[in-house]
Amino acid sequence: MAAKSPVKEPPGTSAVNPTTPLAPPPVKPELPSSSEPDVVNVPSYSRWFSFDSISECEVKFLPEFFDSRSPSKNPRVYRYYRDSIVKHYRENPSRKITFTDVRRTLVGDVGSIRRVFDFLETWGLINYFASVKTLKWEDKETKSSAASAESSSALKETSKRLCNGCKTLCTIACFACDKYDLTLCARCYVRGNHRVGVSSSDFRRVEISEEARSDWTEKETLQLLEAIMHFGDDWRKVAQHVSGKSEKDCITHFIKLPFGQEFICKESDSEDVDNKFFSINNPSDAVSESENVGATSPSKRMRLTPLADASNPIMAQAAFLSALAGVEIAEVAARAAVTTLSDVDDRASKGSLMRNTRQQEAGVASNGDATQNALARASVDASSLIEKEELDVEKAISGIVEVQVRKILGHFFCHIQL
Amino acid sequence: MKLPATSSSKAPVKFRMPTADNLVPIRLDIETEGQRYKDAFTWNPSDPDSEVVVFAKRTVRDLKLPPQFITQIAQSIQTQLTEFRSYEGQDMYTAEKIVPIKLDLRVNHTLIKDHFLWDLNNYESDPEEFARTFCNDMGIEDPEVGPAVAFAIREQLYEIAIQSVASAREIKISKKGRRGAEHAISSKGGGNALDLMKLFRYNSSVVRKRKEWYVYEPIVDILSNEEVDALEAREDRNTR
């Protein structure tokens, strides 16, 4: 049988499938040789692994061993750790080995050993069986929710890109810098969470495809939005608030929500039309500006970062989301939001506010392309005409009312005189 | 006795472990709710402090210890790290010192006794490498022996380094001038260290005398279960 795909990739979260045995040591660096007749599962994305060499994947994720900063952290020591850990696991593949087992048998400092161990576990080279997934979630609960790095929420079925900044798994899209060989998740990218000397313009956006998750009912979506308004960035709490959805699902769904929904949510909450309008207007103003700026040219992408630092959480969130969603989508979403807002605006009765919207529309129109311009201008003219008519009607009505009042007063005085 | 000029005129260096890696030996011995946890390992002090809690949680989870251990472990590690860091930045005098290191440890079923000389001034030295080679050469099968050996060596080196910091401080306090400094070094260091000059005089050779061989020979014993139990019982009695 062809040695091409001797490893089975278990789909989704299913239980361990029977796999084909490993091929004997091939010329291809695909699989390590195992002299035992046991079957060892290795996920397809870890096909690069070989006892005889170190792949660039390893160099990327564990740079400490390869940058000669410390004399005892060199590739030889790395191989010693890695090979011992993997061999230890493969002696009994059905048993999960713990970090403590391993570090007691390895000579070296426990910090580096732990990082190698976690790396191997994340890539499914050790402790690779279906039950591991539940343990990872358990892990999350015991870990503190402090901002610092090391939570690896790796789900083995999906993509394996880990962010260099916060060491979490990247979903949806990530930003890769080829010059320094860094990968940042969207959040770290927007926050500028990269090494000094690397600028935002060095990064390019990389899509990561997502599997479709289960459907969201309206109730769940509402819960999600509520939770986000209350808890903001704390996805753990958001996931808790929404019944039956995991953190990853919540984030995925939120990103997929049409942008207008964010603001409609705010609308329904507040009562006063004025306040409501102003509050929506201001962030959307800034947001659409930022997104348009971001959308226009890559050289202006730098501006995303200062905005992300703004104390307004909505702007930071919007910047993050627009980075995640990509240039074209952000542009379209911004326009959609603005048109929706202008609809709302028409229903309101204050003339000065309408003028603001018109300016905003004009602003949007000026950023768009030519045909859009013409249409926008036409609509702007139409609405101004309507306004004028309404004013005329109002004047007429008030004139009529005045006349009537005078009539009545006249009658009244007549009666008094009589 | 007059020390050669080089040793006393050596400038004090900043404290660090006299090994290639600046790793700290950490020893844990925690008892809570009737459960005792003993452990020893090496830690890299340049790891961020968040690593301490992560490690504590990981260990508790792996060993299925009750959760109270997490804070205790983390605290103990943190204390030892802080102590180590308090020595950093201070001076230590390192005359040309070759110190004897003694190994006398039991790991599971393996008993190890050894005695050798170590050059304190060799900052490229690597106890981990020594331990790996030792285990390979002696054909030790138990993989837990290596780390224990490395740890024992490191611990002793750490002790000696701390002593040299203390002695450096005393020298400063005594303020007896250069003469006094020489005297202090010779008296403090002389106990452990070997004077190179005495060793390598013209009429002596580098080769060790035959009658001294047994002192420096490594001994590796594999114990039976009963012997292990007996030893463990004695150790417990000693510590309590």
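Taken in sequence, the protein lines are chains A and B.
If you want our numbering, it's the position in the first sequence, counting the first as 1, plus 713.
In terms of our numbering, the second sequence has 94 at position 98, counting the first letter as 1, and numbering is strictly consecutive.
Quick reminder that beta carbons are idealized off the backbone N, C-alpha and C, glycines included.
Between residue i and residue j, what straight-line distance do the alpha-carbon atoms span, to the nearest angstrom?
{"i": "residue 802/A", "j": "residue 833/A", "result": "11 Å"}
{"i": "residue 1056/A", "j": "residue 967/A", "result": "24 Å"}
{"i": "residue 1135/A", "j": "residue 1044/A", "result": "The shown model of chain A, from 714 to 1131, leaves out residue 1135/A, and the question about it has no answer."}
{"i": "residue 821/A", "j": "residue 766/A", "result": "21 Å"}
{"i": "residue 124/B", "j": "residue 1046/A", "result": "58 Å"}
{"i": "residue 233/B", "j": "residue 106/B", "result": "21 Å"}
{"i": "residue 1037/A", "j": "residue 812/A", "result": "35 Å"}
{"i": "residue 119/B", "j": "residue 939/A", "result": "59 Å"}
{"i": "residue 1088/A", "j": "residue 941/A", "result": "36 Å"}
{"i": "residue 889/A", "j": "residue 917/A", "result": "6 Å"}
{"i": "residue 824/A", "j": "residue 818/A", "result": "14 Å"}
{"i": "residue 146/B", "j": "residue 965/A", "result": "48 Å"}
{"i": "residue 760/A", "j": "residue 783/A", "result": "29 Å"}
{"i": "residue 164/B", "j": "residue 220/B", "result": "46 Å"}
{"i": "residue 127/B", "j": "residue 901/A", "result": "41 Å"}
{"i": "residue 877/A", "j": "residue 212/B", "result": "49 Å"}
{"i": "residue 139/B", "j": "residue 1026/A", "result": "52 Å"}
{"i": "residue 208/B", "j": "residue 96/B", "result": "14 Å"}
{"i": "residue 842/A", "j": "residue 769/A", "result": "25 Å"}
{"i": "residue 100/B", "j": "residue 135/B", "result": "18 Å"}
Would you give the residue range spanned by the alpha helix (DSSP H) that residue i belongs to?
{"i": "residue 141/B", "result": "141 to 170"}
{"i": "residue 955/A", "result": "Counting along the chain, residue 955/A falls outside any alpha helix (DSSP H), and DSSP gives it neither H nor E."}
{"i": "residue 65/B", "result": "64 to 83"}
{"i": "residue 102/B", "result": "Not the alpha helix (DSSP H): residue 102/B falls in the beta strand (DSSP E), residues 94 to 103."}
{"i": "residue 961/A", "result": "960 to 969"}
Quick check on DSSP: helix, strand or coil for residue i?
{"i": "residue 749/A", "result": "The pLDDT assigned to residue 749/A is 48, lower than 50, so where the model puts this residue is not dependable, and the model offers no usable value."}
{"i": "residue 27/B", "result": "strand"}
{"i": "residue 1013/A", "result": "At residue 1013/A, the pLDDT of 44 sits below 50, so the modelled position is not reliable; the number obtained from the coordinates is stated separately. Note: residue 1013/A maps to helix in three-state DSSP."}
{"i": "residue 948/A", "result": "helix"}
{"i": "residue 795/A", "result": "helix"}
{"i": "residue 205/B", "result": "coil"}
{"i": "residue 239/B", "result": "Only positions -3 to 236 of chain B appear in this structure, which leaves residue 239/B out of reach."}
{"i": "residue 1125/A", "result": "helix"}
{"i": "residue 45/B", "result": "coil"}
{"i": "residue 820/A", "result": "coil"}
{"i": "residue 1057/A", "result": "helix"}
{"i": "residue 810/A", "result": "coil"}
{"i": "residue 782/A", "result": "coil"}
{"i": "residue 108/B", "result": "strand"}
{"i": "residue 128/B", "result": "helix"}
{"i": "residue 33/B", "result": "strand"}
{"i": "residue 1090/A", "result": "helix"}
{"i": "residue 138/B", "result": "coil"}
{"i": "residue 1104/A", "result": "helix"}
{"i": "residue 13/B", "result": "coil"}
{"i": "residue 22/B", "result": "strand"}
{"i": "residue 832/A", "result": "helix"}
How far does the beta strand (DSSP E) with residue i in it extend, from its first residue to its last?
{"i": "residue 775/A", "result": "Here residue 775/A belongs to no beta strand (DSSP E), and DSSP marks it neither H nor E."}
{"i": "residue 1026/A", "result": "Where residue 1026/A is concerned, there is no enclosing beta strand (DSSP E), although the alpha helix (DSSP H) it sits in stretches over 1026 to 1038."}
{"i": "residue 898/A", "result": "895 to 898"}
{"i": "residue 215/B", "result": "215 to 218"}
Report back the beta-carbon spacing between residue i and residue j to the nearest angstrom; my notes put them in contact at under 8 Å.
{"i": "residue 64/B", "j": "residue 28/B", "result": "5 Å"}
{"i": "residue 756/A", "j": "residue 837/A", "result": "4 Å"}
{"i": "residue 798/A", "j": "residue 815/A", "result": "5 Å"}
{"i": "residue 22/B", "j": "residue 37/B", "result": "6 Å"}
{"i": "residue 113/B", "j": "residue 93/B", "result": "About 10 Å separates the two Cβ atoms, so there is no contact after all."}
{"i": "residue 110/B", "j": "residue 214/B", "result": "4 Å"}
{"i": "residue 826/A", "j": "residue 794/A", "result": "6 Å"}
Who are the neighbours of residue i on chain A, taking C-beta pairs under 8 Å?
{"i": "residue 39/B", "result": "822, 823 and 824"}
{"i": "residue 51/B", "result": "823, 824 and 827"}
Kindly list, in the order they appear in chain B, the residues whose Cβ is closer than 9 Å to that of residue i.
{"i": "residue 775/A", "result": "What residue 775/A touches in chain B: nothing, since even the nearest Cβ is about 14 Å away."}
{"i": "residue 764/A", "result": "In chain order: nothing, as chain B lies at least about 18 Å away."}
{"i": "residue 817/A", "result": "35, 37, 139, 140, 143 and 144"}
{"i": "residue 803/A", "result": "What residue 803/A touches in chain B: nothing, since even the nearest Cβ is about 15 Å away."}
What residues of chain B sit near residue i, judged by a beta carbon separation below 8 Å?
{"i": "residue 783/A", "result": "17"}
{"i": "residue 808/A", "result": "By Cβ distance, chain B contributes nothing, its closest Cβ being about 13 Å from residue 808/A, past 8 Å."}
Name the chain A residues that come within less than 7 Å of residue i, Cβ to Cβ?
{"i": "residue 55/B", "result": "813"}
{"i": "residue 43/B", "result": "824"}
{"i": "residue 47/B", "result": "824"}
Give me the chain A residues within the contact set of residue i, using Cβ-Cβ distance strictly less than 9 Å, ordered along the chain.
{"i": "residue 124/B", "result": "785, 790, 820, 821 and 822"}
{"i": "residue 128/B", "result": "793 and 820"}
{"i": "residue 59/B", "result": "811 and 813"}
Return yes when at least one heavy atom of the ligand PLP lies under 7 Å from the C-beta of residue i, else no.
{"i": "residue 903/A", "result": "Among the ligands in the structure shown, none appear at all, so the ligand PLP cannot be discussed."}
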